[in-house]
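S.K.: Have a look at the structure that comes next, please.
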């Protein structure tokens, strides 16, 4: 036992209270959960780090609840970087571990893991004894690096989302437990209803029971609040299902039928429209109620997760968007290009357009990077012009852009569309300090014989681009496959 965990006297220490709060969550050694796995995956994408973890610091160990890029389940606490993170309310960052005397000899630094950069933000929970740091959300790289203020703030926000997920998880478990107990222990009903009502309001949760003998539905107060209808309106099954759009209604009906048929618990996320017409995102879970070996009802909980869903969606969008131009980044471009190639193999049309800005380095060197960013933003806007309907635009890096033409009309008239784009790119850009002239050079290619993969299509468009550059900057060239040699 190390100095951090030594208990002196009979009074609980801050460490005792912290461990008590951690153990009360029932998170340690729990099964993987999609929400936490998605959060660490988003963190890894957002910061372009090979490893991201959500770790919990137990008495003598670090246990990893969710991970991306690593298979380690737990480590000793005395070598855990996250153990340092929980000692402060601020993010803990090591730009180069090999140069930090506290970590230079750490086995994760000297061993195969080759950890060189670490940044973690503490994760807190609150209980009657106060606020406790139970673990950290961290990102790890095998190369030294640093974070700017915006990135540090983003990491802190991700840790806050982790706290919200943990809080919602605990509240949902408590609410489900109370809902089940309410059916079985009528003598405790009043006391449980008070606690359950508080949990419902806090967590935007309601409970429900569907009697399988007569299809009668009983809702808690929370269900009426979520549906935005008065408690005197008693719902039937058909009315309850009407709150879902058709596709989601079918999903809920299928889940109910499957649980009744197999006895397996269901857990679904669906869109939902309240009685006042407000569109929300809901999580619903339910299981069979058994009496004397026979299924008599379905019982479950219903939670409004709209806010969390929006945050997760924005994070996913942020991870796939170029920060300067607000169009797609390279990773998202690769994903979409693969999907478009799949469609092209089935007969759909596709043209890949690569664009290099002419003399962009000169613009940066002469007018500064802020002016350069204005030029990049202008290009991003021009690649979303109305005449490029349904096209997909991305910044590949530096002054390189890409455009995917998949609309049949644009594919059929690709040369004219590209010429129009060339002229559009020549329009001057007004920056804060000057009106800057600009232009771009374009190479294009389409899938065909010998051009069936991302690598092959990118190479063909690159060849066309460099042909155009050799001819004259500000022009365009379309790749032409070499003619087969004949005898």
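In full-length UniProt numbering, the protein residues as written are 1 to 487. Ideal Cβ positions, reconstructed from N, Cα and C, are used throughout, including at glycine.
1) Considering just the uninterrupted stretch of the alpha helix (DSSP H) at residue 279, what are its terminal residues?
2) Which word fits residue 109, buried or exposed, when buried means at least 16 other C-beta atoms lie within 10 angstroms of its C-beta?
3) Check whether the Cβ atoms of residue 114 and residue 124 sit closer than 8 Å, and answer yes or no.
4) Can the beta-carbon of residue 388 be found closer than 8 Å to that of residue 325?
5) Please give the ranges of any alpha helix (DSSP H) in the region 419-472, keeping only runs that are unbroken, at least 4 residues long and fully inside the region.
6) Residue 272 and residue 265 look like a contact to me (Cβ under 8 Å); what is the Cβ gap, rounded to whole Å?
7) Comparing C-alpha positions only, which one of 284, 404 and 285 sits nearest to residue 336?
8) Pull up the CB-CB distance for residue 43 and residue 158, whole angstroms please, since I reckon it's below 8 Å.
9) May I ask which residues mark the beginning and end of the alpha helix (DSSP H) holding residue 340?
10) Tell me the rounded alpha-carbon separation between residue 99 and residue 144.
11) Taking the alpha carbon of residue 314 as the reference point, which residue from 289, 154, 60 and 221 has its own alpha carbon closest?
12) Short of 6 Å in beta carbon distance, which residues of its chain neighbour residue 12, apart from the five on each side in sequence? Order them along the chain.
13) What is the DSSP secondary structure of residue 377, counted as helix, strand or coil?
14) Could you tell me the alpha carbon to alpha carbon distance between residue 328 and residue 206, rounded to whole angstroms?
15) Which same chain residues end up closer than 7 Å to residue 397 when comparing Cβ atoms and leaving out the 5 residues on each side of it in sequence?
16) Determine, using beta carbons only, whether residue 481 and residue 449 come nearer to each other than 8 Å.
17) Which same chain residues end up closer than 7 Å to residue 162 when comparing Cβ atoms and leaving out the 5 residues on each side of it in sequence?
18) Flag this pair as yes or no: are the beta carbons of residue 134 and residue 240 separated by less than 8 Å?
19) Straight-line CA distance for residue 410 to residue 417?
20) When the Cα atoms are used, what is the spatial distance from residue 258 to residue 288?
21) Identify, in the order they occur along the chain, each residue of the same chain with its Cβ nearer than 7 Å to the Cβ of residue 275, setting aside the five sequence neighbours on each side.
22) Helix, strand or coil for residue 154, going by three-state DSSP, please let me know.
23) Indicate the three-state DSSP secondary structure (helix, strand or coil) for residue 321 in the structure shown.
24) Is DSSP giving residue 213 helix, strand or coil here?
25) Can you tell me whether residue 435 is buried or exposed? The criterion is at least 16 other CB atoms within 10 Å of its CB, across all chains shown.
26) Spatial neighbours of residue 338 within its chain, please: CB distance less than 7 Å, with the 5 preceding and 5 following residues excluded, ordered by chain position.
27) Can you give me the C-alpha to C-alpha distance between residue 414 and residue 351, rounded to a whole angstrom?
28) Per DSSP, residue 490 forms a beta bridge with which residues?
29) Buried or exposed, going by whether 16 or more other CB atoms sit within 10 Å of the CB of residue 106?
30) What do you get for residue 88, buried or exposed, if any count of 16 or more other CB atoms within 10 angstroms of its CB means buried?
31) In whole angstroms, give me the CA-to-CA distance for residue 86 and residue 142.
32) Where are the beta strand (DSSP E) runs, 3 residues long or more, that stay fully inside the region 43-118, in chain order?
33) Residue ranges of each alpha helix (DSSP H) run of no fewer than 4 residues wholly in the region 210-263, ordered along the chain?
34) Straight-line CA distance for residue 62 to residue 366?
35) Which term fits residue 235, buried or exposed, when burial requires 16 or more other beta carbons within 10 angstroms of its beta carbon?
36) Any heavy atom of the ligand ATP closer than 7 Å to the Cβ of residue 350?
M.R.: Let me spell this out:
1) DSSP places residue 279 in no alpha helix (DSSP H) but in the uninterrupted beta strand (DSSP E) bounded by 279-291.
2) buried
3) no
4) no
5) Here the runs fully enclosed are 454-471.
6) About 20 Å; that fails the 8 Å criterion.
7) 404
8) 5 Å
9) 330-345
10) For residue 99 and residue 144, the distance between alpha carbons rounds to 10 Å.
11) 154
12) none
13) helix
14) Spanning the alpha carbons of residue 328 and residue 206 requires a straight line of approximately 39 Å.
15) 330, listed in sequence order.
16) yes
17) Cβ within range, chain order: 39, 54, 123 and 137.
18) no
19) 7 Å
20) About 11 Å.
21) 227, 228 and 229
22) Here residue 154 sits in helix by DSSP.
23) strand
24) Coil at residue 213, not helix or strand.
25) exposed
26) 454
27) Going from the Cα of residue 414 to the Cα of residue 351 covers about 7 Å.
28) With the chain covering 1 to 487 only, the question about residue 490 has no answer from this structure.
29) buried
30) exposed
31) 22 Å
32) 51-57, 61-68, 74-76 and 92-94
33) 221-227, 237-241 and 246-262
34) Rounded to the nearest angstrom, the two C-alpha atoms are 51 Å apart.
35) buried
36) Ligands displayed in this structure: none; no statement on the ligand ATP is therefore possible.
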